[in-house]
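There are 2 protein chains.
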Amino acid sequence: MMKPINVGLCGVGVVGGGTAVVLKRNAEEIARRAGRPIVITMAANRNLDRACELCGPDVKLTDNALDVVNNPDIDIVVELIGGTTIAKEVVLKAIENGKHVVTANKKLIAEYGNEIFAKAQEKGVMVAFEAAVAGGIPIIKALREGLTANKIEWVAGIINGTSNFILTEMRDKGAAFADVLKEAQRLGYAEADPTFDIEGHDAAHKLTIMSAIAFGIPVQFDKAYLEGISKLEAQDIRYAQELGYRIKLLGITRRKEAGIELRVHPTLIPAKRLIANVDGVMNAVLVKGDAVGATLYYGAGAGAEPTASSVIADLVDITRLATADPENRVPHLAFQPSKMANLPILPIDEVETCYYLRMNATDKPGVLAEITRIFADANISIDSMLQKPAPDDRADIIILTHLAVEKNVNTALTKIEALEAINGKVVKLRLEHLQ
Amino acid sequence: MMKPINVGLCGVGVVGGGTAVVLKRNAEEIARRAGRPIVITMAANRNLDRACELCGPDVKLTDNALDVVNNPDIDIVVELIGGTTIAKEVVLKAIENGKHVVTANKKLIAEYGNEIFAKAQEKGVMVAFEAAVAGGIPIIKALREGLTANKIEWVAGIINGTSNFILTEMRDKGAAFADVLKEAQRLGYAEADPTFDIEGHDAAHKLTIMSAIAFGIPVQFDKAYLEGISKLEAQDIRYAQELGYRIKLLGITRRKEAGIELRVHPTLIPAKRLIANVDGVMNAVLVKGDAVGATLYYGAGAGAEPTASSVIADLVDITRLATADPENRVPHLAFQPSKMANLPILPIDEVETCYYLRMNATDKPGVLAEITRIFADANISIDSMLQKPAPDDRADIIILTHLAVEKNVNTALTKIEALEAINGKVVKLRLEHLQ
């Protein structure tokens, strides 16, 4: 057996604790695979008691992560601090010191990945981040290595467990968003401040990373379109179901001729698709490649041990790849740094997708004719329509469109909302067939 | 851009043709990922016209695969001949000549993998076989690299598209096996001689390979238990559905204390599991790891371009890994050759699973008491029971058991079949909860 790989663990929280526990519990199994033991020899945490309890008495402890990074005996630094202040400093310093890095920090990679990878490239070290996207699902590896033969057409993922749990409960119980959110908070599936999860930030971080790897573009989180689930109404979930669809918070990135779509929003998807049946806190990512067709990857998107599973897979990968010529290693963003594409990220106005539109109208002759005329004028063709009685002798009209450009839809909706027979705003949700 | 990798393609059939087409169509995309062009420079095929048409005029052609293997300019040999005669000779000779090998040949790997990998190890070359299991799904990579942190508990897969298509049609149309088989043959989803697919051989080859990688054991195809779908009756699919289950031809390999279960057979699985909703010719593999929990991988299990997707991913992998120290590369069967386990494959008699048992009984008092007594004596506990009227004033009794050892079930069934009130044989199907 070759000499052990010495790991320095920065951050012994949920995932850090899980990493320490799994590395110890499966030490033999992991060494049999990696060809050598992989051992945490030093750890940094604000709470040293917790670190000691989880890492054991043989691990050197510090409350300063930079001590880990500056320790010459450490081969790989694992950054599980989170955020983009200390974490960023730790990662950059580790790279500067010639150490390989493993991180689960989606925010750091989605927002500062370009800078980090450039520095890693310069120093000839690897920065691995499987745990940053979809927890325990090896989706980075699939995209970056498993599907290298393909021109990727699009990636669509349920990549935020909190939102998926809430949507599943809303559907199953017909409950309102606010009530289910409270339940999710009680169960520990949602934070006290749930904004980051329910408004799509978390999903957009993960999507940004997948988009870069799928298409060979730099990470560009600031250009992602975000729309959360907090305004979603129970009746739209019900209508969608009647029409044969389910609503999921989907992250979608698609290659178009003019550029890349990068967007997170509630999305109707056909109920018969496998991904429509991914419920509760589970995650799944659907990838469409030109050669392989659609492939799907499903599993736990969060949690101590599932995320640790990805952190440790990265440790094994680095152990295996460390001796390869740096220019032959797997590139950070799948494509060689000199071969990145400069396709622009398309603004949401330019996105082309299908739409679910719900409007409340006075139930009188001619209204439908006015509405359909507006759509025809905006070059939007209608796929199907559903009319339902609503309170006060009015009607809910639900229209599903074929592919249409967002700005055309918005123009049409402005005109529809100006009609005398229309009550209030039109509810607009996007719809993807995912085929 | 570095010097191209020269690929020698042996066999330009369906997958070989797909490989040539995709390598050409996505040449730029692939080179951007791999860091250098990957080009077929020589091809062997019995039909030289077809080879020329698919590979183009710049590719050197031969009708003798050994010419490819002996060409010093070839870096990687792709074996897509199939079978275990010429294909085996080609692979072993390529290894002997110090060339890396990519193959889609599940039969060759499942039956001769140990010999092939030992020789590759000795010569310091890689033999990659992602395309041998589940077509375009990167399941070998997931098991071997993505889940290295885990003690794998079990792997269960729908890994034969022909059988899954037949079972899906039988369920949807309530049709008999023989009729659906004819339909599948007409559509090209089943061969003229369908034995290999419908009797479980193909699935068992793939399962054998996954089992070796999951548990770090040598490939042992001869010890796999095989039971196909040709005897499955439409009424059992119907009863299963009534009880909340679907019947799939499942390959299952599970680690038990005494050894490894390795079996392919029709299996009831809860309808609400994602894998129960994998229909038609699609494949999916569910993997249970101790840290990550259950993860699922879904996609096209066959076809020219999906399989080519895996062949080419292996080519890129070898290109990337070729310069790593041989002892640091990803081991062929996930675990270091010196660290393989010698857990035995358990005979089917020792397998522990749940059962669906259907018996036809005279509808008279006391019969159920006799039956349940026999189960109790054999230490088999009953999970649920369904009684349905059958022709001639008789009844179909369906019993689902909790976990039981196969030999105990067989003993009980022999006794039940000997009862005067029981008509004919008891139908026995296995049931897995997959949790």
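So the protein lines, in turn, are chains V and L. Heads up: the first sequence runs through residues 0 to 434, numbered per numbering that gives the first Met the number 0. Heads up: the second sequence runs through residues 0 to 434, numbered per numbering that gives the first Met the number 0. Where is the CB? At the ideal position from N, CA and C, for every residue including glycine.
Distance between L/ALA299 and V/LEU47, taken at the CA atoms: about 49 Å. With contacts defined by Cβ atoms closer than 7 Å, V/GLU416 and V/VAL408 do not form a contacting pair.
From the listed residues L/MET169, L/ALA189, L/ALA303 and L/ALA301, the smallest Cα separation to L/TYR238 is found for L/MET169. Residues of chain L with a Cβ closer than 7 Å to the Cβ of V/LYS150 are, in chain order, ASN25 and GLU28. For V/ASP316, the chain L residues whose Cβ falls inside 7 Å of its Cβ are GLU144, in order along the chain. For L/TYR224, the beta-bridge partners assigned by DSSP are L/ARG262. Per DSSP, reduced to three states, the secondary structure at V/LEU332 is coil, with no helix or strand assignment. Secondary structure at L/ASP201: helix, using DSSP grouped into helix, strand and coil. Under the 7 Å criterion on CB atoms, L/GLY10 is classed as non-interfacial with respect to chain V.
Under the Cβ criterion of 7 Å, L/TYR297 is counted among the residues facing chain V. For V/THR83, there is no enclosing alpha helix (DSSP H), as DSSP marks it with neither H nor E. Under the three-state reduction of DSSP output, L/LYS387 falls in the strand class.
Here V/GLU369 carries a helix assignment [DSSP, helix/strand/coil].
According to the DSSP assignment, L/THR352 belongs to the beta strand (DSSP E) that extends over 351 to 361. Using a CB distance cut-off of 7 Å, L/ILE136 counts as an interface residue toward chain V.
One Cα belongs to V/THR252, the other to V/ALA42, and the distance between them is close to 37 Å. In chain order, ARG31 and ARG32 make up the part of chain L whose C-beta sits under 7 Å from the C-beta of V/PHE334.
Interface flag for L/VAL124 against chain V is unset, since no Cβ pair is found closer than 7 Å. In this structure, the alpha-carbon of L/LYS247 lies about 5 Å from that of L/PRO265. V/ASP196 has a beta carbon lying at 7 Å or more from every beta carbon in chain L. When C-beta atoms of the stretch 128 to 141 of chain L are compared with those of the stretch 276 to 291 of chain L, three or more pairs fall below 8 Å, so the two segments count as touching. Within the DSSP bridge table, the entry for V/LEU320 names no partner. Using a Cβ-Cβ distance cut-off of 8 Å, the stretch 334 to 348 of chain L and the stretch 209 to 219 of chain L are in contact, since at least three pairs of beta carbons, one from each stretch, lie closer than that value.
Contact check for L/VAL291 and V/GLU304: beta-carbon distance about 7 Å, within the 8 Å limit, so the pair qualifies. Just measuring C-alpha positions, the residue of V/ASN44, V/ASP72 and V/ALA50 sitting nearest V/ALA86 is V/ASN44. Look at L/ILE139 here: in three-state DSSP terms it is helix. Using a 10 angstroms sphere on the CB of V/PRO390, the tally of other CB atoms stays under 16, which defines it as exposed. Counting only the Cα atoms, V/LEU142 lies some 37 Å from L/VAL350. For L/TYR296, there is no enclosing alpha helix (DSSP H); the residue is part of the beta strand (DSSP E) that begins and ends at 292 to 299. The stretch 88 to 106 of chain L makes contact with the stretch 119 to 131 of chain L; the number of CB pairs closer than 8 Å reaches 3 or more. L/ILE4 is the residue among L/ILE4, L/ALA312 and L/VAL179 whose C-alpha sits nearest the C-alpha of L/PRO71. Using a Cβ-Cβ distance cut-off of 8 Å, the stretch 322 to 329 of chain L and the stretch 360 to 369 of chain L are not in contact, since fewer than three pairs of beta carbons, one from each stretch, lie closer than that value. The closest CA to that of L/ASN63, considering only L/LYS172, L/CYS9 and L/ALA223, is found on L/CYS9. The Cβ neighbour count for V/GLU260, taken over all protein chains shown within 10 Å, is at least 16; the residue is labelled buried. Taking L/ARG393 as the centre and dropping the five residues before and after it, the same chain places the C-beta of ASN359, ALA360, THR361, ASP362 and ASN422 closer than 7 Å to its C-beta, in chain order.
One thing to note: V/ILE208 has its Cβ no nearer than 7 Å to the Cβ of V/ILE75.
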